[in-house]
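**Q** Okay, handing you the structure first.
Numbering (the numbering used here), first residue to last: 0 to 140.
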């Protein structure tokens, strides 16, 4: 898989049939003309979990472990509504959430099929607790 992942990179050029939109349109259909004609929705401009996982495989194969992990989390989040992602992002801002609130978001992500992202939120909560960045911690650093 590793050599195969690298030999097929960049996907859009070497394996365009492997890249589709969330609604299943082939990459060749992602054009300004298609958008103007109404054949392409804004949602079709999002990356699919499959494409992100393929990109993660390439990153892993060339030794870019951190990038591969980020792409794996992105693959999980691609299936989650944008509003939820924005809510989690807001909750992760320093002094915005308690440890219990972050745990609730982690559980929500886990229930939605995003265990890597849930782990990320839990790790952030631990770091925030150590650094005095949880809600109510101002002035107690």
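Where a beta carbon is used, it is the ideal one built from N, C-alpha and C, also for glycine. Every value quoted in this text rests on a predicted model; they were computed, and no experiment measured them.
Buried or exposed for residue 53, please, with buried defined as at least 16 other CB atoms from any protein chain shown within 10 angstroms of its CB.
**A** By the 10 Å Cβ count, residue 53 comes out buried.
**Q** Would a C-beta distance cut-off of 9 Å place residue 114 and residue 68 closer than the cut-off?
**A** no
**Q** Starting from residue 113, follow the alpha helix (DSSP H) in both directions and report where the run begins and ends.
**A** No alpha helix (DSSP H) contains residue 113, which DSSP labels as neither H nor E.
**Q** Put residue 25 into one of helix, strand or coil per three-state DSSP.
**A** strand
**Q** For residue 128, name the three-state secondary structure that DSSP assigns.
**A** helix
**Q** Buried or exposed for residue 72, going by 16 or more other Cβ atoms inside 10 Å?
**A** buried
**Q** Have a look at residue 135 and residue 4 and give me their C-alpha separation to the nearest angstrom.
**A** Put simply, the backbone Cα of residue 135 is about 47 Å away from that of residue 4.
**Q** DSSP three-state label for residue 47, please.
**A** Residue 47: coil per DSSP, three-state reduction.
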